[in-house]
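Residue numbers (our numbering), protein chains in the order written: chain L, 806 to 900; chain C, 43 to 306.
C-beta atoms are modelled at their ideal positions from N, C-alpha and C, and glycine is treated no differently.
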Ligand SMILES: Nc1ncnc2c1ncn2[C@@H]1O[C@H](COP(=O)(O)OP(=O)(O)OP(=O)(O)O)[C@@H](O)[C@H]1O
Ligand SMILES: [Mg+2]
């Protein structure tokens, strides 16, 4: 009720509160995407482990990067596949 | 064995020193043994906020360099038996103390005190690294502004990188009326963005200036809203479960309107 009144008499959607929130969200997307090379290396190692359960990949050619554009950040990975495993993870477990 | 808590923010002037003085005094008022450590070397402040500026003989650099014993440098508060201050050096620079020396200092202090509360300087360089070196828990102070919250986010990242996990957040200088009006980020907005737990919320309060002028922390003023917020936080740190206070009480138009409509 009170919120409603304030919305009617106030200026909610274009309010400076919402502007602040949106600007903060964007600036933090960029700040947080500025991660250390160490973190990317760790991520790479983990990726290799997981993907190797399913296919054989060219570990040396593997590239992992964070692409930041104006409003979004994307994790972009280029992973050359050398060979597919026949039945994936389960086959490996059985032996 | 006591606990070492560092009060940080990243951005300057958001209320670290005010927070350290008030939470420390609040904990001492609850009967705990507390030492407040000013690590803002070159910009000593905590002494004035506490009203202890005339009693300083030795400082933190004297202690870490062995010019005096720790006990000699500690200033006893006039009001509370358990409250002590270890002042910053005023004439040296931030490199006069190293993180290793801070770790040793904190280890020694926590043998004597229930709470060692460290007032961190603004920024993320040496002064910050010193301040967090010996800490086990961290509190991050912010105001409801884009730049302060952004810096808080950076600090939270650095704290986590330094293995100081799960820092607690204080939102200072909140103006409930502005939030209602849509002109200030709300508690939830900020918590949402930073994804950390809240230690407390301090309203904007003129009495902070008045009490700081007098060198008597607001926490001692029974009528002060900000003081109430700090009393609550001291109890939370000591392990009590205290609900957030109603920030809108006495807040003019909104509370009157609420009463009129029959809320609350
Ligand atoms: N809740 C509040 N209401 C009104 N004024 C406040 C409040 N909190 C802090 N202030 C005022 O803001 C100013 C800065 O506070 P304080 O010195 O505690 O910040 P700080 O983070 O320690 O600054 P620095 O980064 O320079 O060390 C002081 O003048 C203080 O009185
Ligand atoms: Mg300060």
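| task | Drop a sphere of 10 angstroms on the beta-carbon of residue 270/C, count the other beta-carbons inside from all chains shown, and report buried for 16 or more, exposed for fewer. | result | The residue given as residue 270/C occupies position 228 in the second chain. Result: buried.
| said: Output needed for residue 309/C: all residues of its chain with C-beta closer than 6 Å, excluding positions within five of it in sequence on either side, in chain order. | reply: Because chain C here runs from 43 to 306, residue 309/C falls outside it and cannot be looked at.
| message | Which same chain residues end up closer than 7 Å to residue 135/C when comparing Cβ atoms and leaving out the 5 residues on each side of it in sequence? | response | Residue numbering aside, residue 135/C sits at position 93 when the second chain is read from its first letter. Apart from the 5 residues on each side of it in sequence, residue 135/C sits with its Cβ closer than 7 Å to the Cβ of 83, 84 in its chain, given in chain order.
| task | In the DSSP assignment, find the alpha helix (DSSP H) that holds residue 835/L and state where it starts and stops. | result | Walking along the first chain from the start, residue 835/L turns up at place 30. Counting along the chain, the alpha helix (DSSP H) containing residue 835/L begins and ends at 821 to 838.
| message | At a threshold of 7 Å, does residue 842/L count as lining ligand 1 (C-beta to nearest heavy atom)? | response | To locate residue 842/L, count along the first chain from 1; it is residue 37. Every heavy atom of ligand 1 is 7 Å or more from the Cβ of residue 842/L, so no.
| task | With hydrogens ignored, establish whether the beta-carbon of residue 172/C is closer than 7 Å to any heavy atom of ligand 1. | result | As a first step, residue 172/C is located in the second chain; it is residue number 130 there, counting from the start. The answer is no for residue 172/C.
| message | Is any non-hydrogen atom of ligand 2 found closer than 7 Å to the C-beta of residue 67/C, if you look at the structure I gave you? | response | Mapped onto the second chain, residue 67/C falls at position 25. For ligand 2, not one heavy atom lies less than 7 Å from the Cβ of residue 67/C.
| field | chain C contact residues for residue 826/L, given Cβ-Cβ distances below 8 Å | value | For the purposes of this step, residue 826/L is identified with residue 21 of the first chain, where counting begins at 1. Near residue 826/L (Cβ distances below 8 Å), the residues of chain C are 227, 231, 235.
| query | Is the Cβ-Cβ distance between residue 80/C and residue 141/C less than 8 Å? | reply | Position 38 of the second chain, counting from 1, holds the residue named residue 80/C. Position 99 of the second chain, counting from 1, holds the residue named residue 141/C. Against a cut-off of 8 Å, the Cβ pair of residue 141/C and residue 80/C comes out as no contact.
| query | Name the DSSP bridge partner or partners of residue 80/C? | reply | Stepping through the second chain from its first residue, residue 80/C is reached at position 38. Its beta-bridge partners are 161/C.
| query | residue 836/L CB to nearest chain C CB: under 8 Å? | reply | Counting from one through the first chain, the residue named residue 836/L turns up at place 31. By this cut-off, residue 836/L is an interface position.
| By Cβ distance, which residues of its chain are closer than 6 Å to residue 159/C, with the 5 residues on each side in sequence left out? | Counted from its first residue, the second chain places residue 159/C at position 117. Correct list, in chain order: 47, 62, 66, 78.
| message | Just verifying my parser: in three-state terms, what is the DSSP assignment at residue 144/C? | response | For the purposes of this step, residue 144/C is taken as the residue at position 102 of the second chain. It is helical.
| When the distance is taken between beta carbons, is residue 91/C closer than 8 Å to residue 60/C? | If you number the second chain from 1, residue 60/C lands on position 18. If you number the second chain from 1, residue 91/C lands on position 49. Their beta carbons are under 8 Å apart, which means residue 60/C touches residue 91/C by this criterion.
| the stretch 192 to 222 of chain C: which residues have C-beta closer than 9 Å to a C-beta of chain L, in chain order? | Of all residues in the stretch 192 to 222 of chain C, only 192, 195, 196, 199, 203, 220, 221, 222 come within less than 9 Å of chain L when Cβ atoms are compared, listed by chain position.
| query | Cβ of residue 214/C versus every heavy atom of ligand 2: is any distance shorter than 7 Å? | reply | As a first step, residue 214/C must be located in the second chain, where it is residue number 172. Flag unset: Cβ of residue 214/C not near ligand 2.
| message | For chain L, check one thing: does any of its Cβ atoms lie closer than 8 Å to the Cβ of residue 188/C? | response | Here the question's residue 188/C lines up with position 146 in the second chain. True, the Cβ-Cβ gap to chain L drops below 8 Å.
| request: Starting from residue 171/C, follow the alpha helix (DSSP H) in both directions and report where the run begins and ends. | output: On the second chain, residue 171/C is found 129 positions in, with the first residue counted as 1. In the DSSP assignment, residue 171/C falls within the alpha helix (DSSP H) that extends over 168 to 175.
| task | Note down the Cα distance separating residue 198/C from residue 262/C, rounded to an integer number of angstroms. | result | One-based indexing of the second chain puts residue 198/C at position 156. One-based indexing of the second chain puts residue 262/C at position 220. For residue 198/C and residue 262/C, the distance between alpha carbons rounds to 30 Å.
| request: Please determine, among 98/C, 165/C, 208/C, 179/C, the residue with the shortest C-alpha to C-alpha distance to residue 119/C. | output: Within the second chain, numbered from 1, the residue matching residue 119/C stands at position 77. With distances taken between CA atoms, residue 119/C lies nearest to 98/C out of 98/C, 165/C, 208/C, 179/C.
| query | With a Cβ-Cβ cutoff of 8 Å, do residue 180/C and residue 147/C count as a contact? | reply | On the second chain, residue 180/C is found 138 positions in, with the first residue counted as 1. On the second chain, residue 147/C is found 105 positions in, with the first residue counted as 1. The answer is no: Cβ separation not under 8 Å.
| request: Using 7 Å as the cut-off, classify the Cβ of residue 185/C as near or not near the heavy atoms of ligand 2, replying yes or no. | output: Here residue 185/C refers to the residue found at position 143 of the second chain. Between ligand 2 and residue 185/C, a heavy atom-to-CB distance of less than 7 Å is absent.
| residue 57/C (DSSP reduced to helix, strand or coil) | Along the second chain, one-based indexing puts residue 57/C at 15. Residue state for residue 57/C is assigned as coil, using DSSP reduced to three classes.
| said: Below 8 Å on the Cβ atoms is my contact criterion, and I expect residue 58/C with residue 183/C to pass it. Report the Cβ-Cβ distance as a whole number of Å. | reply: In the second chain, the residue the question calls residue 58/C occupies position 16. In the second chain, the residue the question calls residue 183/C occupies position 141. 5 Å between Cβ atoms; contact.
| message | Taking a contact to mean a Cβ-Cβ separation below 8 Å, would you say residue 236/C touches residue 193/C in this structure? | response | Within the second chain, the letter at position 194 stands for residue 236/C. Within the second chain, the letter at position 151 stands for residue 193/C. Contact: no.
| field | Beta-carbon proximity list for residue 70/C, same chain, < 6 Å, skipping 5 on both sides | value | As a first step, residue 70/C is located in the second chain; it is residue number 28 there, counting from the start. Excluding positions up to five away in sequence, the list reads 76, 122, 124, 125.
| Sufficient close CB pairs (3 or more, under 8 Å) joining the stretch 220 to 231 of chain C to the stretch 820 to 829 of chain L | The answer is yes - the stretch 820 to 829 of chain L touches the stretch 220 to 231 of chain C, with three or more Cβ pairs under 8 Å.
| Range covered by the alpha helix (DSSP H) that runs through residue 234/C | Your numbering for residue 234/C matches position 192 in the second chain. Here the alpha helix (DSSP H) through residue 234/C covers 229 to 236.
| Close Cβ partners of residue 151/C (< 8 Å) along its chain, the five nearest in sequence each way excluded | Against the second chain, residue 151/C aligns to sequence position 109. Residues 44, 46, 77, 79, 112, 128, 158 of the same chain have their beta carbon placed closer than 8 Å to that of residue 151/C, with the five preceding and five following residues left out of the count.
| task | Please report the Cβ distance between residue 102/C and residue 139/C, rounded to the nearest whole angstrom; I am assuming they are in contact, meaning their Cβ atoms lie under 8 Å. | result | Position 60 of the second chain, counted from the first residue, corresponds to residue 102/C. Position 97 of the second chain, counted from the first residue, corresponds to residue 139/C. With a Cβ gap of about 6 Å, residue 102/C and residue 139/C count as contacting.
| query | Based on the DSSP output, what are the partners of residue 117/C in its beta bridges? | reply | Taking the first residue of the second chain as position 1, residue 117/C is located at position 75. Beta-bridge pairing links residue 117/C to 127/C.
| query | Got a sec, what are the start and stop residues for the beta strand (DSSP E) residue 889/L sits in? | reply | Here residue 889/L refers to the residue found at position 84 when the first chain is read from its first residue. Counting along the chain, the beta strand (DSSP E) containing residue 889/L begins and ends at 886 to 889.
| query | So which residues on chain C does residue 830/L lean against when the C-beta distance must stay under 9 Å? | reply | Here the question's residue 830/L lines up with position 25 in the first chain. Under the 9 Å cutoff, chain C gives 235.
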